[in-house]
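Participant: The sequence shown: position 58 = 57 (numbering that gives the first Met the number 0), numbered continuously.
First, the structure itself, so that you have it in front of you.
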Amino acid sequence: MYSRTHHLKSENNVIGIHAKQNAKRLRPRRAVKMMLEWSGFNMVYSRPNEETLFGVPIIGWAKTMLGDIEGMVPWRNEVKLCRDIDFGRGRFEGYIQPNVGELRQRAPEAVESYLITPANPLSVVPNEIPDLTETYALFVDERDQVCLTPIDQWILTPNGILSARTRTSTAPEGLITHEDRHFCYYVGKRVADKIRAGDARSLNAIARIAFAERNA
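And the structure:
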């Protein structure tokens, strides 16, 4: 295990992605512009009463209506801005680039510059980016059959909602939403590999998640 001050544990080694929303933020902020993350940045978060820090790969960066620049992460069964992650499950600590080791509170300067710069009226502002993090959508049906589907793209809808698309989704426009009764969670590649291999701990965690979602 690593110390809280200097080290980081990958999210791919744990089942479940838990963290805490800033208490001052009472509702999610609306994203208006986004860009792909290609440098390998992670969002760093901590859990209550633990010294270990955990990392979740950032899928991209977004600008909000208020002008904030935030990383975006697949979080439980939603796509969230990093400072809007679930209240009561941990705490956002910052961003880190693997092999660099510097924990920072703001996006890289190049990211801020791009997202803050007004778009050319003749240009098309991208509302979708490819997935470079090997994230999977985990579905569980009424018979407790598990299905893992790779994410194809991350989407910013016209109303500012962040979502995902797979090649096989049957939802409208192929988008995955937390309202899909079979969709449970986003998971990383290592967790997906454990599930495919029949890892008992992983499958038990999925069963608990599916039960909680059905009885929410």
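By construction, the Cβ of each residue, glycine as well, lies at the ideal position given by its N, Cα and C atoms.
Please name the residue in Tyr135, Leu155, Glu49, Glu108 whose C-alpha comes closest to that of isoleucine 128.
Facilitator: Here the question's residue 128 lines up with position 129 in the sequence shown. Isoleucine 128 has its Cα closest to that of Leu155, out of Tyr135, Leu155, Glu49, Glu108.
Participant: Which residues mark the beginning and the end of the alpha helix (DSSP H) in which arginine 189 is found?
Facilitator: For the purposes of this step, residue 189 is taken as the residue at position 190 of the sequence shown. First-last of the alpha helix (DSSP H) with arginine 189: 188-195.
Participant: Of the choices Tyr44, Arg75, Val78, Arg28, whose alpha-carbon is the least far from that of leucine 65?
Facilitator: Counting from one through the sequence shown, the residue named residue 65 turns up at place 66. Residue Arg28 is the option with its Cα nearest to leucine 65.
Participant: Should the region 68-80 be regarded as contacting the region 92-109, the criterion being three or more beta carbon pairs within less than 8 angstroms?
Facilitator: In short, these stretches touch, since the Cβ pair count reaches three.
Participant: Can you list, in chain order, the residues of its chain with a C-beta nearer than 8 angstroms to that of asparagine 203? Leave out the 5 residues immediately preceding and following it.
Facilitator: Here residue 203 refers to the residue found at position 204 of the sequence shown. None.
Participant: Taking only heavy atoms of the ligand FMN into account, decide whether any of them is closer than 7 angstroms to the Cβ of leucine 102.
Facilitator: For the structure depicted, the ligand FMN is absent and the ligand set is empty, with no information on it obtainable.
Participant: Output yes or no for whether 8 angstroms exceeds the beta carbon distance between asparagine 76 and proline 56.
Facilitator: Residue numbering aside, residue 76 sits at position 77 when the sequence shown is read from its first letter. Residue numbering aside, residue 56 sits at position 57 when the sequence shown is read from its first letter. Not closer than 8 angstroms, so no.
Participant: Given a cut-off of 8 angstroms on the beta-carbon distance, is the pair valine 145 and glycine 93 in contact?
Facilitator: Indexing the sequence shown from 1 puts residue 145 at position 146. Indexing the sequence shown from 1 puts residue 93 at position 94. Not in contact: valine 145 and glycine 93 (Cβ atoms no closer than 8 angstroms).
Participant: Cα separation between glutamine 20 and isoleucine 205?
Facilitator: Here residue 20 is taken as the residue at index 21 of the sequence shown, counted from 1. Here residue 205 is taken as the residue at index 206 of the sequence shown, counted from 1. At glutamine 20 the pLDDT is 36, less than 50, meaning the model places this residue with poor confidence and gives no usable figure here.
Participant: Between which residues of its own chain and cysteine 183 is the CB-CB distance below 8 angstroms, once the five residues before and five after are set aside?
Facilitator: Position 184 of the sequence shown, counted from the first residue, corresponds to residue 183. Excluding positions up to five away in sequence, the list reads Asn76, Leu137, Phe138, Val139, Ile205, Ile208, Ala209, Glu212.
Participant: What residue range is occupied by the uninterrupted beta strand (DSSP E) comprising isoleucine 128?
Facilitator: Numbered from its first residue, the sequence shown carries residue 128 at position 129. 127-129 is the span of the beta strand (DSSP E), which, as asked, contains isoleucine 128.
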